[in-house]
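For what it's worth, our numbering labels the leading residue of the sequence shown as 35, then goes sequentially.
Don't be surprised by glycine CBs; every beta carbon is placed ideally from N, CA and C.
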Amino acid sequence: MSATRLLVLGVVRLHGQTHGYRVGRELLSWGAKEWANVKWGSIYHALRKLSAEGRLREFFAEGDEIVDRTSYEITPEGEAELHRLLRRALSHGGDDHALLFAGVTLMTSLPRAEAVELLKERLAALEAANAELAGFKEPGAEWGKPEHVCELFGLWHRTVGAGAEWTRDLIASLEAGRYTMADDGPEAFGLPPGDDG
């Protein structure tokens, strides 16, 4: 649900004011159904929940297509929640891939140095986890689990190692000036209309 909340807040912020159908169309056009398990029901649930929490302001707007619609805009509380989730998405070394994917999608709405720092936190967590997994030895008789289960530790070690390598590459790309970030100009993806970073 955190990934859906982050994405919904991000799309509402991106458009300034928008309705649920546009949020859904946007997210589905990004392929979020596949990489974040975002579906129409979860989008509308997130819109209602975020509105009830005061993170989105719900209002009735004249229809921009055919009918009048309930529309949304992000509140200061929603901005704070978006940034909290975005920071967690980029810094956490865990296995919530949907949240990471949502964070990478919206990372350009952060200043470059902040995105790099958050990714360095993620890298440190992954390297620590990988070192712990690398220290795992073949199980002895006292292990108490089926012998073949130790193969999972090899898989986890390689998966975490690949995540660390990918994170290093992304940090290097950002440090080299790749991608337009929030402090580079108003054309950075994820900024609200009229925002100059």
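* **Inter-residue Cα distance where the pair is I205 and F94** => 42 Å
* **Beta-carbon contacts of A91 that lie in its chain and below 6 Å, excluding the five residues immediately before and after** => Per the sequence shown, the amino acid found at residue 91 is Arg instead of Ala. Once the five neighbours on either side are set aside, the close Cβ partners of R91 are E107 and T109.
* Asked: Is E68 helix, strand or coil by DSSP?
  -> helix
* Go through its chain and collect everything with a Cβ distance to A149's Cβ below 7 Å, but skip five positions before and after it. => L124, M141, L208 and M215
* **T104 in three-state terms, based on DSSP** => strand
* **beta strand (DSSP E) segment containing F18, residue limits** => Coverage of the chain is limited to positions 35 through 231, which leaves residue 18 absent and any answer about it impossible.
* DSSP state of H126 mapped onto helix, strand, coil -> coil
* Cβ-Cβ separation, G50 to P227 (assumed contact under 8 Å), whole Å -> 4 Å
* If you pair each beta-carbon of the region 152–166 with each one of the region 177–184, do three or more pairs fall below 8 Å? -> no
* DSSP beta-bridge partners for T52? -> Y106
* Could you check which residue in Y213, A70, A222 and A198 has the C-alpha nearest to that of L133? => A70
* Does the distance from the CB of R82 to the CB of E115 come in under 7 Å? -> no
* **Cβ-based burial, H53 [other Cβ within 10 Å; buried from 16]** => buried
* Residue from E166, E68 and H126 with nearest C-alpha to L152 -> H126
* Cα-Cα separation, R192 to E166 -> 12 Å
* Asked: Could you check where the alpha helix (DSSP H) with A147 kicks off and where it finishes?
  -> R146 to A168
* State the DSSP-derived secondary structure class of L30, mapped to helix, strand or coil. => Absent from the model: residue 30. The displayed extent of the chain is 35 to 231, so no value can be given.
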